[in-house]
Amino acid sequence: MNVFRLSGDVSHLLAILILLMKIWKTRSCAGISGKSQILFALVYTTRYLDLFTSFISPYNTAMKVFFIASSYATIYLIYLKFKATYDRNHDTFRMEFLVLPVLVLAFVVNHDFTPLEILWTFSIYLESVAILPQLFMVSKTGQAETITSHYLFALGMYRALYIVNWVYRYYFEGFYDLIAIIAGVVQTVLYCDFFYLYVTKVLKGKQLTLPA
Amino acid sequence: LQVISEHDEL
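Chain order of the listed sequences is X and W.
First residue of the first sequence? That's 1 in this note's numbering, and the numbers climb one at a time after it.
First residue of the second sequence? That's 1 in this note's numbering, and the numbers climb one at a time after it.
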């Protein structure tokens, strides 16, 4: 464990807490893409199956349990509890256009052709594009609530910090995992135009609006 | 690709 990975995990935790707080406090999931949340639940479910087979540390286990539980809790809030506020008309990204190519790629490019490893690879690839429905929804509505932009910023920073962690581990531990690194870079690149808007607008107290 | 024994990252 290093400070970059730890701060990445904290940023990830923060993003999830911000999202839950936003939905719970405003009793509304307006502007939130349910499809991205479904993809995240799929990401954690397929990645953390090793919860039962390998123990890394109490921290690792606790975080895995929290990520799985919170992703399903978010889906419950969006599709059941506050479904009246779910903006179905703007959450129209076709998930199958993400899941199917990622599934094929996981079978073709992986470290080991075993069920657990292919599911882990699928999860890594899926996570890199899971935010697309959400970013698509923000571009479609042309704006996002400030709290939602903080959620996206924390979520984007989590994998950006993981990239620093991978550089650190390469130089100090001689460890690297190309699948995680390439997917992590793709994932972070997808946030770049959002990061630009967040820094130039939200941090100056303006509303996050996209040129429609 | 090299086999990664155990994924210790989240």
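Where a beta carbon is used, it is the ideal one built from N, C-alpha and C, also for glycine.
Simplified DSSP assignment, three categories, for residue i
i               : result
Q2 of chain W   : coil
T45 of chain X  : helix
L210 of chain X : coil
A106 of chain X : helix
A183 of chain X : helix
A30 of chain X  : coil
A144 of chain X : strand
N60 of chain X  : helix
For residue i, the nearest candidate out of the options (CA to CA)
i               : options                     : result
L20 of chain X  : X:Q37, X:L6, X:F4, X:D9     : X:Q37
D91 of chain X  : X:L197, X:M157, X:L135      : X:L135
L126 of chain X : X:V186, X:I56, X:G34, X:I32 : X:V186
F138 of chain X : X:R5, X:G34, X:G8, X:A15    : Residue 138 of chain X is actually Val in this sequence, not Phe. Of the candidates X:R5, X:G34, X:G8, X:A15, the one whose C-alpha sits nearest the C-alpha of V138 of chain X is X:G34.
D193 of chain X : X:I179, X:Y76, X:L208       : X:L208
V43 of chain X  : X:V167, X:Y171, X:S70       : X:S70
T45 of chain X  : X:I182, X:N165, X:K64       : X:K64
R94 of chain X  : X:I78, X:L132, X:T114       : X:L132
Chain-order list of residues whose beta-carbon lies under 8 Å from that of residue i (same chain, five-residue window excluded)
i              : result
T53 of chain X : L116
Same chain, Cβ closer than 6 Å to residue i, five either side skipped, listed in chain order
i               : result
I147 of chain X : K22
L14 of chain X  : A154
Contacting residues, own chain, Cβ-Cβ under 7 Å from residue i (five flanking each side not counted)
i               : result
A106 of chain X : I118, T121, F122, Y125
V202 of chain X : T146, S149, L208
I18 of chain X  : I147, H150, Y151, A154
inquiry  = Which residues of the segment 63-81 of chain X have a Cβ closer than 8 Å to any Cβ of chain W? Give them in chain order.
reply    = M63, K64, F67
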